[in-house]
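These notes are about the structure you will find just below.
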Amino acid sequence: ASLGFIGLLVLLGTWDMEAADPLIPGARSRGMSIAGVVLDGQTNGFGNPAGLATLSLPSLGIRYADFFQIPGLGQGAFSFGIPAMNGAFCLDYSSCGNTFYHENQACLSFGKAFGNMFRAGIGLHYLVIRQPDGFENLSVLSPSLGAQIMPHTGMTLGLCLFNPAAQGYHPAGRIRLPR
C-alpha cells in the first residue's frame, strides 16, 4: 500500500502544464519526462515560479529547438533570472511559428523561499497568437501560482496552477487557453 502511495506522489509531482503544451521550453524538464513543476532555477519561470527561489546569482539561458523538422517552424526562447533580497525575479520569452501562425509567450515571475521546506512563486504570462490575414490575432494576460514542498532531503513535491481564473483568449474563438 505504501508503494502505491509513493507512486501516486511521483505521478502527481511530475505532471505539469508542460504536458498540455509541448511548446513550452525547458530541456531539463524534457530530460526528466516533463517534470518542470519540481525543478528549481531560472529556466523554470514557465513551469513553476516557486523554483526561482533558489537563484543565488544572475543567470541567462538561451535555447532553440526544431520539434517538427519543418523549416521556419522552430522555437526560440530565453530566460533571465536575477536574485533579489527576498527571492528572485525571472523574465522568460518563447517564440514559435512562421508567417502563417506564430505563438509568443512572455512571463515575468517571482519566487521566494519560506524556510528550508517551502517555496512559493507567482508569474504573469502574456500570450499572443498571430494568425494569417483575415483572422484576428489572439492575446491573453494570465497569472500562474506555484509551490514546492521539500518534506525530506532530496525530495521535492510541486504544484503549479496556470490560468486559475479560466481566462480565455481575446477575442474569443476556437482556441482555448489551457487551465
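Per our numbering, residue 1341 is the first one in the sequence shown, and the count goes up by one each step. Using N, Cα and C, we set each Cβ at its ideal position, and we do this for glycine too.
Within 10 angstroms of the Cβ of residue i, are there 16 or more other Cβ atoms? Answer buried if so, exposed if not.
i       : result
ASP1477 : Note that residue 1477 is Asn in the sequence shown, not Asp. The residue is exposed, with fewer than 16 neighbouring Cβ atoms inside 10 Å.
SER1396 : exposed
GLY1412 : exposed
ALA1453 : buried
LEU1392 : buried
ASN1460 : According to the sequence displayed, residue 1460 carries Ala and not Asn. Answer is buried; the Cβ neighbour count reaches 16.
ILE1515 : exposed
GLN1415 : buried
ASP1406 : exposed
GLY1401 : buried
Would a C-beta distance cut-off of 7 angstroms place residue i and residue j closer than the cut-off?
i       : j       : result
PRO1389 : GLY1451 : yes
GLY1385 : CYS1436 : no
PRO1491 : PHE1440 : no
Could you give the DSSP three-state label for residue i: helix, strand or coil?
i       : result
GLY1391 : helix
ASN1384 : helix
Sort the options by Cα distance to residue i and report the nearest one.
i       : options                               : result
TYR1466 : LEU1497, GLN1445 and CYS1436          : GLN1445
CYS1500 : LEU1517, GLN1409 and ILE1462          : ILE1462
GLY1535 : PHE1475, PRO1518, VAL1377 and PRO1398 : For the chain, the structure presents residues 1341 to 1519; residue 1535 sits outside this window and is missing.
Just to confirm, does residue i get its C-beta within under 6 angstroms of one of the non-hydrogen atoms of the ligand ZN?
i       : result
THR1439 : Judged by which ligands are present, the structure shown has none, so any question about the ligand ZN falls away.
TODO: For the stretch 1492-1512 and the stretch 1460-1480, state whether three or more C-beta atom pairs, one from each stretch, are separated by less than 8 angstroms.
DONE: yes
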